[in-house]
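Below is one structure, written out as structure tokens, with a few remarks after it.
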């Protein structure tokens with residue numbers, strides 16, 4: 001369950017390296033991957049949908065259960081105060097806690113695994129250009145997004161669930177290190193490399209989604225070894241393991 005960084009526009013786009021599609025390929029015939037990404041959403045919208053019992057989570061059909069839930073928010077919550085997407089950091093953490101501890105989720109599967117994913121960085125130059133095109137003031141800053149990534153990490157630690165730190169992962173990709181000037185901030189020059197990962201300053205490119213996919217799979221291997229693809233059996237046997245006589249006929 002996530003915001004626009006996991007919606008059908010990018011994460012499943014066949015013209016990009018969509019990380020949801022990559023997950024589907026990795027878990028083919030082992031687990032079904034269900035994408036619930038909603039463009040523009042923050043955690044407050046997600047809680048509203050849950051309270052209205054919208055189908056943001058897969059239904060429990062034919063005995064199936066959600067084995068792993070990836071919660072990926074923060075990019076929109078981090079918008080500047082006064083915008084309709086803004087959520088305060090304290091409320092953001094409370095909302096994440098509510099989702100992780102959501103009663104119906106654990107009734108659905110008491111053994112469900114949960115992975116919390118924080119927002120990647122932004123390029124304020126490029127996201128500001130997009131805001132200007134849409135006739136509005138800048139909605140995001142590089143520093144605020146960093147603060148919300150830290151807030152998500154703190155929430156994960158308090159909740160005792162694994163955290164995927166995309167902010168740090170992306171920044172390491174562009175050779176940034178702690179103490180350096182904040183790449184992506186308006187006080188710094190535009191970064192070509194950051195732009196290659198985030199072409200519009202917010203949404204990842206195919207290369208950016210490769211970074212996300214690799215980080216997710218690394219965390220699954222480290223924290224949920226029983227859920228790595230290689231550890232899961234096919235739900236339907238391979239053809240050479242299935243007893244099926246060549247003269248089998250269906251009888252109605």
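In full-length UniProt numbering, the protein residues as written are 1 to 252.
From the three backbone atoms N, C-alpha and C, an ideal C-beta is built for every residue, glycine too.
Since I believe residue 202 is in contact with residue 122 (beta carbons under 8 angstroms), could you give me their beta-carbon distance rounded to a whole number of angstroms?
6 angstroms
Per DSSP, what kind of secondary structure is residue 47 in: helix, strand or coil?
helix
Option nearest residue 207 by Cα separation, candidates 90, 197, 74:
197
Test item: CB-CB of residue 149 and residue 74 under 8 angstroms
yes
Verify whether the separation of the beta carbon atoms of residue 142 and residue 200 is less than 8 angstroms.
no
Between which residues of its own chain and residue 83 is the CB-CB distance below 7 angstroms, once the five residues before and five after are set aside?
139
With DSSP as the reference, label residue 19 as helix, strand or coil.
helix
Rounded separation between residue 181 and residue 191 - CA only:
12 angstroms
Top-ranked residue by Cα proximity to residue 18, from 29, 35, 92, 30:
35
Should residue 194 be labelled buried (16 or more other beta-carbon atoms within 10 Å of its own) or exposed?
buried
Just checking, does the region 22 to 42 make contact with the region 110 to 122 on the three C-beta pairs under 8 angstroms criterion?
no
Residues near residue 98 by beta carbon distance below 7 angstroms, same chain, minus five either side
47
Does DSSP classify residue 166 as helix, strand or coil?
helix
Can you give the beta carbon distance from residue 189 to residue 116, rounded, assuming they're within the 8 angstroms contact cut?
About 33 angstroms separates the two Cβ atoms, so there is no contact after all.
I'd like the span of the beta strand (DSSP E) that includes residue 115, first residue to last.
113 to 117
Could you give the DSSP three-state label for residue 224: helix, strand or coil?
coil
Rounded separation between residue 93 and residue 151 - CA only:
7 angstroms
First through last residue of the beta strand (DSSP E) which encompasses residue 72
68 to 72
Pull up the CB-CB distance for residue 78 and residue 119, whole angstroms please, since I reckon it's below 8 angstroms.
6 angstroms
Residue 130 to residue 232 span [Cα, whole Å]:
43 angstroms
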